[in-house]
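One point on numbering: in our numbering, the residue at position 101 of the sequence shown is 104, and numbering is uninterrupted.
Backbone N, C-alpha and C fix where the C-beta goes; we use that ideal spot for every residue, glycine too.
Predicted model, so just to flag it, every value in this text is computed and none were measured.
Encoded as structure tokens, the structure appears first; notes follow it.
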Amino acid sequence: MPSRPEFEIGGHADGRGERMAGKAALVTGAGSSGDFLGTGAATAILLAAQGATVGVVDISDERAEHTRKRIEAAGGQAVALTADITDEQAARIAVDDFTHRAGHLDVVVNNAGISGEGNITGTTRAGWDRVFALNVTAAMQVARAAHPHLVRSSGGSVVNISSIAALRGFGSGAYAASKGALQSMTVDLAYSWGPDNIRVNCLVPGHLHTPIGDHGGEEGRRIRRAANLLGVEGTAWDLAWAVLFLASAESRWITGTVLPVDAGTTTATVLAMLPRIAGSQGKDNNE
């Protein structure tokens, strides 16, 4: 047999496996434009490496195609879908189109999201509505469009991607509020869709080194490392592995959970972490 292309993911020697073999998974906001991947692209690539046929949904055709090509170059199967999922009809068409092409639908990952204009006093009404339209309403529309397909597949998994900004003050205004709403929606959908054997869970990523979280330069990265309990920088792959668990049958008895993926950032107080942050600066300066 010909050798498979190299496929290294997030510190793991090989992300390949069969945990999602025969499954079809739709991931929103999964486009990419280079090697520095966001959580959606990393999730789509990992699910495909684990055997799933993946629907790569993005508002940009070019970005959706970039992720699809990367998946197929690694031997996986993917469909690129361009859609503005803030439009209800467009969201439904994207879900229906992928389900038709894949033959069924088993997993939905509501990853698409945007940040806002800053704190509440600096946020315009238009900016507030724009953030909620994608971060909350679009996730609802995609999930609702997927529901009948998941029922026909005898159940499945919906994974919503929130943020620790919804759990701790960060001055992010509409972004924090929208991510909090997404967590509440997760719990309500888990209750409503449990009888259909559809599991709905929410992941709450911390300060990951991703395109959307890449700010402050090297100093910002140092502070983010020092601010979590492990002192290790998280990447998009760390979230992708958590999605894989909740998407797979391994978590068949887990629903309605809101799970931080943040290296313990939200478990400690600011005062408790200050010595570590200060100590890390001294260490870096001595290196």
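DSSP bridge partner residues for residue i (one or two, in chain order)
i             : result
arginine 61   : Note that residue 61 corresponds to aspartate in the displayed sequence, not to arginine. Answer is Thr85.
valine 207    : Pro263
valine 110    : Ala28 and Ser160
threonine 56  : Ala27 and Gln80
histidine 150 : Looking at the DSSP assignment, histidine 150 forms no beta bridge with any residue, so it has no partner.
histidine 212 : Thr238
Spatial neighbours of residue i in its chain, beta-carbon cut-off 6 Å, leaving aside the 5 residues before and after
i             : result
serine 165    : Lys182, Leu185, Gln186, Cys205 and Val207
threonine 260 : Asn204
glycine 32    : Gly43, Asn114 and Ala115
threonine 56  : Ala27, Gln80 and Ala105
aspartate 87  : Ile62 and Ala93
leucine 50    : Met23, Ala28 and Val57
alanine 67    : Gly34, Val59, Asp61, Ala83 and Thr85
glycine 54    : Glu21, Met23 and Ala24
As assigned by DSSP and simplified to three states, the class of residue i
i              : result
serine 160     : strand
histidine 291  : Outside the modelled stretch of the chain, which goes from 4 to 290, sits residue 291, for which no answer is possible.
leucine 232    : coil
asparagine 122 : coil
glycine 237    : strand
asparagine 200 : coil
leucine 40     : coil
alanine 27     : strand
asparagine 138 : helix
arginine 95    : helix
glutamate 9    : Only weak support is given to the placement of glutamate 9: the predicted model assigns it a pLDDT of 49, under 50, and the question is left unresolved by the model.
glutamate 21   : coil
isoleucine 183 : The residue you asked about is not isoleucine; residue 183 is glycine in the sequence shown. It is helical.
asparagine 74  : The sequence given here places isoleucine at residue 74; asparagine does not occur at that position. Isoleucine 74: helix per DSSP, three-state reduction.
isoleucine 117 : coil
alanine 177    : helix
leucine 170    : coil
isoleucine 257 : coil
glycine 34     : coil
aspartate 294  : One cannot answer for residue 294 here, as it falls past the ends of the chain, which runs 4 to 290.
alanine 271    : coil
glycine 219    : coil
serine 165     : coil
threonine 127  : coil
serine 251     : coil
Outcome for residue i when other beta-carbon atoms lying within 10 angstroms are tallied against a minimum of 16
i                 : result
phenylalanine 101 : buried
valine 273        : exposed
valine 111        : buried
tryptophan 256    : exposed
arginine 128      : exposed
threonine 258     : buried
serine 251        : buried
phenylalanine 39  : exposed
histidine 218     : exposed
aspartate 191     : exposed
histidine 150     : buried
arginine 171      : exposed
leucine 211       : buried
glycine 14        : Annotation note: pLDDT 48 at glycine 14 (below 50); position unreliable, coordinate value reported separately. It is exposed - the Cβ of glycine 14 has fewer than 16 other Cβ atoms within 10 Å.
Same chain, Cβ closer than 7 Å to residue i, five either side skipped, listed in chain order
i           : result
alanine 266 : Gly209, Asn231, Leu232, Leu233, Val235 and Gly237
valine 264  : Leu206, Val207, Pro208, Gly209, Asp241, Leu242 and Ala245
alanine 303 : Residue 303 lies beyond the stretch modelled for the chain, which goes from 4 to 290, so this question has no answer here.
Close-in-space but distant-in-sequence residues of the same chain around residue i (CB under 8 Å, 5 per side omitted)
i            : result
glutamate 65 : Gly34 and Ser36
serine 6     : Bear in mind that a pLDDT of 49 at serine 6, under 50, signals an unreliable position, so the number given afterwards is only what the model happens to contain. Nothing listed; no residue qualifies.
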